[in-house]
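K.L.:
The sequence shown: position 67 = 75 (the numbering used here), numbered continuously.
Could you have a look at this structure, given as structure tokens, before my questions?
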Amino acid sequence: MSSSPTRKQRQRPRRALWAVAGETLLEWIIRLSGISAIIFVLAIFVFVFREAAPVLTNEEFNLVEFFTSIAWYPTSAQNVRYGTLALIAGTFSVTALAMALAVPFGLGGAIYISEFCRPRTREVLKIVIELLAAVPSVVWGFIGLTVMSRLLVEYGGAPVGVNMLNGAIILALMAVPIIVSIGEDALKAVPDSFREAGIAMGASRWQLIYRVLLPAAKNGLLAAVLLGIGRAVGETMAVLMATGHAVQIPHGILDPIRTLTANVAAELGEAPAGSPHYRVLFMTGVLLFTITFVVNLTADFVIRGVKRK
């Protein structure tokens, strides 16, 4: 004589259905989140390009001159010129100098925190680094304008305290916490078996770091450096306040410069909406989008090449 199913047996299929439905819903939420991020980025680009596109048909605007001229006179009454070569040179020069300062200190700090610190010291340093990363850029710019500029004039022999070196130091201070935090996570993600194998083979601590940990964590360390570069390229207020805001190609690290982001921040509020000057500033935004895309695409190819090796 067959017995009727118990209450628990009847609830099992319902729980299984709810579990499948929950997994499907979560999968679609994650998928929509990824798609929405792409849509938002494309929407921003479309908006910026829509505002910039009308200047391409303006007689005063020359696309070749836009990339090759150092003359930036958007409000001239007789000879309007929109040359961004000096702005591009200023952006790349201050970013390169900032990364030359930030990468050694950032990776060195990540190695120290990951491999040499005691647990209590490590926790204190991580909190301090996170606090440094949370400092607003305008505060860093104010430090560069009031403190670092005086130090450069007094001890560096700079004729003007606000210059490319000042901006690079401030950008390096802003990028180091990101590089240290992500780099330390990448080193900690290396399995302990790698360390144990290196120690078993008689490797010293420095040999273990150089020959085992750095090659194993190279993808994460490269990502940390690239995020630092992205922070430096996209920074606005700090370089606006610390670099001197002079439209010229720098011939030394003590020369004042102006970056693309600082130029947009300084002039967009004064440009009449719909004017050629307004459109050219949005064209500068398109140029910044392109530079960021090229940097990210190059980084993707580099990471893929490293993974293959």
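Glycine included, every Cβ here is placed at the ideal spot set by N, Cα and C.
All values reported here derive from a predicted model rather than from experimental measurement.
1. Does the segment 142-161 come close enough to the segment 74-94 to have 3 or more Cβ pairs within less than 8 Å?
2. Within 10 angstroms of the Cβ of residue 209, are there 16 or more other Cβ atoms? Answer buried if so, exposed if not.
3. Compute the Euclidean distance between the alpha carbons of residue 164 and residue 227, then round it to the nearest angstrom.
4. So, at 7 Å on beta carbons, what are the nonlocal neighbours of residue 168 in its own chain, with the 5 sequence-adjacent residues on each side left out?
5. Relative to the C-alpha of residue 139, which residue among 113, 277, 185 is closest?
6. Rounded to whole angstroms, what's the CA-CA distance from residue 213 to residue 307? Just pull it up for me.
7. Mind checking residue 43: buried by the 16 CB within 10 Å criterion, or exposed?
8. Out of 69, 63, 243, 295, state which residue places its alpha-carbon closest to the alpha-carbon of residue 273.
9. So does residue 268 have its beta carbon nearer than 7 Å to some heavy atom of the ligand FAD?
10. If you reduce the DSSP assignment to three classes, tell me which class residue 9 lands in.
11. Quick check: the segment 188-205 against the segment 280-297, are there 3 or more CB pairs under 8 Å?
12. Leaving out the 5 sequence neighbours to the left and right, which residues in its chain are closer than 7 Å to residue 290 when beta-carbon positions are compared?
13. Please name the residue in 234, 238, 198, 233 whose C-alpha comes closest to that of residue 222.
14. What residues in its chain sit with their C-beta under 6 Å from that of residue 9, if we drop five residues either side in the sequence?
15. DSSP on residue 98, reduced to helix/strand/coil?
16. Let me know the secondary structure DSSP gives residue 38 once reduced to three states.
17. Could I get the ranges of all uninterrupted alpha helix (DSSP H) runs contained in the segment 204-249, with 4 residues as the minimum, in chain order?
18. Should residue 293 be labelled buried (16 or more other beta-carbon atoms within 10 Å of its own) or exposed?
19. Quick check on residue 130: does DSSP put it in helix, strand or coil?
20. By the DSSP assignment, the alpha helix (DSSP H) with residue 269 in it spans what residues?
21. Distance check for residue 300 and residue 47, CA to CA, integer angstroms please.
22. Among residues of its own chain, excluding the 5 on either side of residue 287, which ones have a beta-carbon nearer than 6 Å to its beta-carbon?
23. Between residue 297 and residue 239, what straight-line distance do the alpha-carbon atoms span, to the nearest angstrom?
24. Using 8 Å as the threshold, is the C-beta distance between residue 256 and residue 94 below it?
P.N.:
Taking the geometry as given:
1. no
2. Residue numbering aside, residue 209 sits at position 201 when the sequence shown is read from its first letter. With fewer than 16 other Cβ atoms within 10 Å, it is exposed.
3. Start at 1 with the first residue of the sequence shown, and residue 164 comes out as number 156. Start at 1 with the first residue of the sequence shown, and residue 227 comes out as number 219. Roughly 37 Å between the two C-alpha positions.
4. Counting from one through the sequence shown, the residue named residue 168 turns up at place 160. Only 252, 264 meet the Cβ criterion.
5. Within the sequence shown, numbered from 1, the residue matching residue 139 stands at position 131. Of the candidates 113, 277, 185, the one whose C-alpha sits nearest the C-alpha of residue 139 is 185.
6. Residue mapping note: residue 213 aligns to position 205 of the sequence shown, counting from 1. Residue mapping note: residue 307 aligns to position 299 of the sequence shown, counting from 1. Answer to the nearest angstrom: the Cα atoms are 30 Å apart.
7. Looking up residue 43 in the sequence shown gives position 35. When all chains shown are included, residue 43 counts as exposed.
8. The count along the sequence shown starts at 1 and reaches residue 273 at position 265. Of the residues 69, 63, 243, 295, the one whose Cα lies closest to the Cα of residue 273 is 243.
9. The ligand content of the structure shown is nil, which means the ligand FAD is not present either.
10. The residue you call residue 9 lines up with position 1 of the sequence shown. Because residue 9 carries a pLDDT of 46, less than 50, the predicted location of this residue cannot be relied on, and no value is offered for it.
11. no
12. The residue labelled residue 290 in the question sits at position 282 within the sequence shown. In its chain, beyond the 5 residues on either side, 56, 59, 60 have a beta carbon closer than 7 Å to the beta carbon of residue 290.
13. Locating residue 222 in the sequence shown gives position 214, where the first residue counts as 1. Among 234, 238, 198, 233, the Cα nearest to that of residue 222 belongs to 198.
14. Along the sequence shown, read from residue 1 onward, the residue named residue 9 stands at position 1. Residue placement at residue 9 cannot be trusted, given a pLDDT of 46 that sits under 50; what the coordinates show is reported in the next sentence. Excluding the 5 residues flanking it on each side, residue 9 has no same chain C-beta neighbour closer than 6 Å.
15. For the purposes of this step, residue 98 is identified with residue 90 of the sequence shown, where counting begins at 1. Here residue 98 sits in helix by DSSP.
16. Translated into positions along the sequence shown, residue 38 becomes position 30. Here residue 38 sits in helix by DSSP.
17. Correct list: 213-216, 226-242.
18. Mapped onto the sequence shown, residue 293 falls at position 285. Classification for residue 293: buried.
19. As a working mapping, residue 130 is identified with position 122 in the sequence shown. Note: residue 130 maps to helix in three-state DSSP.
20. By 1-based counting over the sequence shown, the position of residue 269 is 261. From DSSP, the alpha helix (DSSP H) with residue 269 extends over 268-275.
21. On the sequence shown, residue 47 is found 39 positions in, with the first residue counted as 1. On the sequence shown, residue 300 is found 292 positions in, with the first residue counted as 1. For residue 47 and residue 300, the distance between alpha carbons rounds to 17 Å.
22. Here the question's residue 287 lines up with position 279 in the sequence shown. Only 60, 62, 63 meet the Cβ criterion.
23. Working through the sequence shown from its first residue, we reach residue 297 at position 289. Working through the sequence shown from its first residue, we reach residue 239 at position 231. If you take the alpha carbons of residue 297 and residue 239, they lie about 14 Å apart.
24. Indexing the sequence shown from 1 puts residue 256 at position 248. Indexing the sequence shown from 1 puts residue 94 at position 86. Going by beta carbons, residue 256 and residue 94 fall inside the 8 Å limit.
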